[in-house]
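>
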Amino acid sequence: MDQQFRAALGALFGHDPAQQQAANLWLNDFSKTPEAWGCALALLEPTSGATLEQAFFAANLLANKTREEWGRLSPQQRSELAETFSAKLRGLLLLPGGGAGPSAAAAVPAVLLDRVALLAAAAAALGGPASSERHLALAQELAAAARTAMAAEAEADRAGGAVLLRVALLVLQQLAEEAEGLDSGRRKALLGGADPNGGGGPGGGGLMCRLGAVVALAREVLGSAAGHGPGSCAAPNFVLLLAAVRCLSAWVRLDESGHSGGGMSSGELEVVSPGLLPAALGLLSLPPPGPPTSSPLATTQAARQQQQPAIVLYDAVSDLASEVLGSSSRTCTAAAGGEAADVAAAAAALAALVSLGAKLAEAAAAEAAAEAAAEAAAGGGGGDGGAALAALLAWLRVAVAVSERNVGSLASQGEGAVELARGVVAALAACPGRRAVAEAVTDYLLALNTVQTSERHPALRAPLYGALLPYVLRAVSYPAGFEDWEAAEEDEEGFHRFRDQQATELLESMYGQCRTPMIAHLVAAAVGGEGGDATPSPGAGGGGGGGGGTASDWRGVEAALFCVRAVHLPVKAGALGGRAGALDSPEAKATAAELNALLGRLFADVCLPSGRVARLLTVPWVCLAASRLIAEYAAWLGKAEGAPLKEAMGLLLRALAVPPAAAAAAQAFRNCCVRGADRLTADPYLLSELAAAAMAAVAPPPPPPGGSGSGAAAAAAAAVPLGLEERSAVVEGLARLASKLPAEAAAEAGCGLMRPCVARVQSVAAAAAAAGGPLSPSALAALAAELGLMTAVVRFLELPSTSPSPSAGGLPGIAAAAGAAGAGAAGALRHPALKALEVAWPVLSAVAAEPQCQTDPGVVEALAELYKRSLLSTQLSGRPLLRPLMDSLLGLLAVRPHAAVMDCLATVVELFGLAAGCEDTRALQVAALQGSVRMMGGLMAHLQATQQPPCGSGAAPPPLPFPSGSSPGELAASFFSLANRYLIFAQDLVMRSPEGAAALPALLEWACGVIRTMREREPVAAALSFLSHLLSAVTRTLTEQRQQQQQQQGSAAEEAARLDSLFGRCGPALVHSLLSAGADTCPRQLMRLLAGCLAGLLALAGAGAVGGGAGGGGAGESEVRRGLPGWLQAAWQLPPLAGLLQSGRLGEGGVHAVRFTALLLQGHYPPGTATASTAASQQQQQQQMSASLPALPRGRLDALVADFFSLARGEAGPDVMLAYDM
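Residues 10 to 1231 (the numbering used here) make up the sequence shown, in order.
1. Hey, would you say the C-beta of V770 is under 7 Å away from at least one heavy atom of the ligand NAD?
2. Taking only three categories from DSSP, how would you classify Q1138?
3. Return the CA-CA distance between S886 and L455, expressed in angstroms with no decimal places.
4. Considering only the alpha carbon of each residue, which of L293, L654, A357, Q315 lies closest to S275?
5. Would R1093 be called buried (16 or more neighbouring beta carbons within 10 Å of its own) or exposed?
6. Using the DSSP secondary-structure output, state which residues sit across from Y520 in a beta bridge.
7. Note down, one range per segment and in chain order, each alpha helix (DSSP H) of at least 4 residues found wholly within the stretch 466-539.
8. Is A307 near P301, with beta carbons less than 8 Å apart?
9. Can you tell me whether A643 is buried or exposed, with buried defined as 16 or more other CB within 10 angstroms of its CB?
10. Who does Y1174 pair with in a DSSP beta bridge?
11. Can you tell me where the alpha helix (DSSP H) holding E807 begins and where it ends?
12. Closest by CA to L611, which one among E656, G586, A582?
13. Once DSSP output is grouped into helix, strand and coil, what is the label at F1235?
14. Enumerate, from N- to C-terminal direction, the unbroken beta strand (DSSP E) stretches of 3 or more residues contained entirely within the stretch 306-361.
15. Hey, is the stretch 497-511 in contact with the stretch 582-589, meaning 3+ C-beta pairs nearer than 8 Å?
16. Are there 16 or more other CB atoms within 10 angstroms of the CB of K877, so buried, or fewer, so exposed?
17. Taking the continuous alpha helix (DSSP H) assigned at C681, which residues delimit it?
18. Which same chain residues, not among the five before or five after L1143, have their C-beta less than 8 Å away from its C-beta?
19. Tell me which same chain residues have a C-beta within less than 7 Å of the C-beta of Y487, skipping the five on either side of it?
20. What separation, rounded to the nearest whole angstrom, lies between the Cα atoms of E641 and T627?
21. Taking buried to mean at least 16 other C-beta atoms within 10 Å of its own C-beta, is E870 buried or exposed?
22. Taking Cβ positions, are S879 and A842 nearer each other than 8 Å?
23. Assuming F1213 is part of the alpha helix (DSSP H), what are its boundary residues?
24. Output needed for Q998: all residues of its chain with C-beta closer than 8 Å, excluding positions within five of it in sequence on either side, in chain order.
25. To which residues of the same chain is C1091 closer than 7 Å at the C-beta, ignoring the five residues directly before and after it?
26. Using 10 angstroms around the beta-carbon of E874, count the other beta-carbons present and answer buried if the total reaches 16, otherwise exposed.
27. Enumerate, from N- to C-terminal direction, the unbroken alpha helix (DSSP H) stretches of 4 or more residues contained entirely within the stretch 598-668.
28. Rounded to whole angstroms, what is the Cα-Cα separation between P713 and R769?
29. Look up C48 in the DSSP assignment and say whether it is helix, strand or coil.
30. Looking only at its chain, what residues have a beta carbon closer than 6 Å to the beta carbon of V917, apart from the 5 residues adjacent to it on each side?
31. Taking DSSP as the reference, what is the three-state secondary structure of C440?
32. Output the distance between the C-alpha atoms of L178 and C256, rounded to the nearest integer angstrom.
33. Apart from the five residues just before and just after A45, which ones in its own chain have a Cβ nearer than 7 Å to its Cβ?
34. Using the three-state DSSP reduction, which class does K41 fall into: helix, strand or coil?
35. Under a Cβ-count criterion, where at least 16 other Cβ atoms within 10 Å of its own Cβ denotes burial, should T1044 be classed as buried or exposed?
36. In chain order, what residues of the same chain lie with their CB nearer than 7 Å to the CB of R175, ignoring the 5 residues before and after it?
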């Protein structure tokens, strides 16, 4: 087996992919066998001849196998394994290859040492206190041998001693990490010292008793390896320093109580080792290996590789300090000094941070300058940054951790906190273009901002935030040399996430401190000119005004525009007054005047051709920033006196032609139309000019005829570079403007918006007709897009606010209005959308009648959406639309069904269902019902033919084709949504008309088929909702018939008898479908709806009881009342429920199914009704249990259905039913 194992490893690390795959499969199986222990251990022998890869694989296999199979080993096997692993590690280090001294330890590959050390640590931790004590003794032995070797004169011995010391620290680190990963019981025993296995051994006090010795060893290494202590190295040994810091981090996370996530507080660590944290923070100032970081030579790839040990050390120091000083660390115990000890330790750490801050910022700035020089000379920079940046980032992370834990004291105390804040600002000033630095600085400042301004030190108010502004402008700027995101090294998502979240929150905090001077600085940075560089920085602390740069530096201008946009909410509130009386005070008025003047200056520069920003609008990203700025300040542009609203909208129309800015420009145009409607509609000439220019941009006139073929039509369609969403946003804004006009003017404006779209549709159709060929896919897509644009016109054309809405007053108001709707077509035509639709209707009719359009899903969906929005916009005023619209919809439904068509029909029923008493409206709704029923019948027949297995020896005939623009699930969902609307808004038509009565049996059958066979959420939800509403309506009918039985006329009694007979025939299939769906197909989140259907069946059965109640029996009962218990019992004898009973999942003999049935019927039927098939003793017992119990309340029934069907699906155990026996 050993040879096979070696051969498999040889193949795994070979070059043949087929052999590698086969070897991998064999090794996966072999690793689970007992033989794997010995084979893997043999490869770790010095004389095994194994390669490094093979030995590493063996050690890794043993580590994983130890963790996975430890619980299956005997105590003797566990002890032997732990001793064996420890001996392997000792053999690699103290007696490597039979060597005579530690010098040979340096030749052992570090990666193999680390893996064998992990293996030994895992076994020691799992073995309990005794094994861990032996492992700690090994670490002490290694440390003692290391001290001796490092004191020797031979260089080889000193190198070997460094390896031994590193592994000694690694052994301690990994033992603590393995202890932290144990389960609670083992962890408490290991840390506290009690052996969970009851074994003997030296025991001791657990790992926590060794904490002081471990910290002392790490402190000793920190001093000597950094060149400060006795026997120190000539140069910093970053490998040993890293090992010591990581060892400390692992041990300070341990909690003496044994709970995970506790760890030492800063005060406790100070008691164990005074001054340790400041000493560890001092490691951030150690110079990295290689050339000085201020030299361009340090930016090369080789130099950065040399700096890696220092970079990793800085990160480890940051993790250690953040762990102890951060907000997640615990409070010091009373025995160690309590919270006061933590405060003192934080103050010492703060002093260390303050002493380091300026030095680290200066080094990072010098490194950044060297990178810039190298980039200018060779076209390449420093990439992700070097060691100086890493040290500064580590310092910032610790500063953030200290501020989050002690923000109150930091904000209010003396010069130490102020100096720390200034150091943070200096860090941002040193590397404003580094995202990580900006994010860390932002976190610090946002933590500081949680303290009220009045409680802060004066220097931590406006002066601090004012000094930040020039550097924040740099931090939020696009990368240097930016052209587009495809060529940029910066991550686009990360860039925008930082700007839109952290930077925006910081800028809002800055505005809260600096107010108007901040806006003045930003405006000067954007527009430049007379106040560009001379504008004082906001706040008394100063800070240069160099954020804007020269006119050619578009990045600074764009950053200034972004910053003004980020604070738009408080700025608009200050300029316009956020609420009534907000500008009553003289100070508020003065602030508003100053802000209005600044915004006026900014937007004049942005919108007027002579402005500095306007000249930079040729840069797409400046154009994008200007468009977004206008969108956020649309309210100010619409209300402020003298605001350049017209010029801003002209800019936006030009920005529509700039691809990166088009979407933002369209949204901004819509915002300006909404917010500036009063100003724009006050000038008819301006409004006409604006509408013409906007429609020329989104729906330009088609080219003159003369093209050939459908290619010309496609070319005409492609003449608009904007997407439908952008075009619709512009048209929506214009339609909202039109709605503000008087009725006649609004109607004429709507026609003006509709005509360009109609002309483009006619152009596409004419080009195809001239060619004599079919419409190409691009031409059909163009038609759908133009229909979508027409939808935007109609959707937002509303009646003027002075005109009463005919739909006011809820459903009764609609019904009353519907009764009088036929009186005046002239009144209905007052709605602006109707006149616009008159312009478009010939084209719409032609499109709806075109066979190729009838079969294109995109065109059909767009046309149905246009019809739907037309109805929703006009409400009852759109009654004249019904006849042509319904003819068009039913024609589309008959040719190629689409879910959007039935959604539109559902809107018709919702709006006009209560007006079904009108003969013409009723006829249209009957036709819609019949057409949709024919469609659904064809769909269900098609599905049944495709799902039914062939019978007999002959091959089954192929199913009839069912062409559709939607999936079966979408069609079923839309159909039952339509049926639901009929039940809610036109119930008489469904339940009392001959057409509805003829359709009801099929509707019930199809609903059962959908919930039994479909698994998609939408169709099942729609079918269950339909069943629930239908059961409720029938129950109400039967209840009314029972209550008025003596006075009831024959027709009502006949209706009740007909509905009862219907459910008597369909009831067994309905019950079986509901139970089958719950056990298999019904989505989990729809169980409450399914429970509602079962509750509806019980209510329907209760309505059919003689005298109403659980008892009764006799000829007067309804068929549902008599049959429901038997239907429930019979359903479990039919597939697939019968197979579920036989599987035993529902208990022996289906006891849980019987219990479920009894609980359903409890309180509705006499006790024992559901247990006819059980043994007599069980039946008697259950009768006694349920004799006096009421029916389950609805919430309890919902829970029962969810729990029982979870059991039926195997998602829960039988225990879920125990609660219902109590």
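Ideal Cβ positions, reconstructed from N, Cα and C, are used throughout, including at glycine.
Taking the definition as stated:
1. With respect to small molecules bound, the structure shown includes none, and the ligand NAD cannot be examined in it.
2. Shown here, Q1138 sits in a helix according to DSSP, grouped into three states.
3. 55 Å
4. Nearest C-alpha to S275: A357.
5. exposed
6. The partner list for Y520 (beta bridge, DSSP) is empty, contrary to what the question assumes.
7. 471-484, 501-506, 513-523, 525-536
8. Cβ atoms of A307 and P301: closer than 8 Å.
9. buried
10. Q1171
11. Where E807 is concerned, there is no enclosing alpha helix (DSSP H), given that its DSSP letter is neither H nor E.
12. E656
13. In the structure as shown, the chain begins at 10 and stops at 1231. Residue 1235 is therefore absent and cannot be evaluated.
14. none
15. The stretch 497-511, when compared against the stretch 582-589, does not touch it at the 8 Å Cβ threshold.
16. By the neighbour-count rule (16 or more Cβ atoms within 10 Å), K877 is buried.
17. 668-684
18. H1081
19. R564, E567, W630
20. Approximately 21 Å, taken between the alpha carbons.
21. Taking every protein chain shown into account, the CB of E870 has 16 or more other CB atoms within 10 angstroms, so this residue is buried.
22. yes
23. The continuous alpha helix (DSSP H) containing F1213 extends over residues 1203-1217.
24. Checking the displayed sequence, the identity of residue 998 turns out to be Leu instead of Gln. Same-chain partners within the cutoff: G922, A925, R931, Q934, V935, L938, Y991, E1004, G1005.
25. Counting only Cβ-Cβ distances below 7 Å, and skipping sequence neighbours, we find I1020, V1029, L1099.
26. buried
27. 621-624, 629-641, 643-648, 654-664
28. 11 Å
29. helix
30. Nothing listed; no residue qualifies.
31. coil
32. 6 Å
33. F39, L70, K74
34. K41: coil per DSSP, three-state reduction.
35. buried
36. V248, L249, A252
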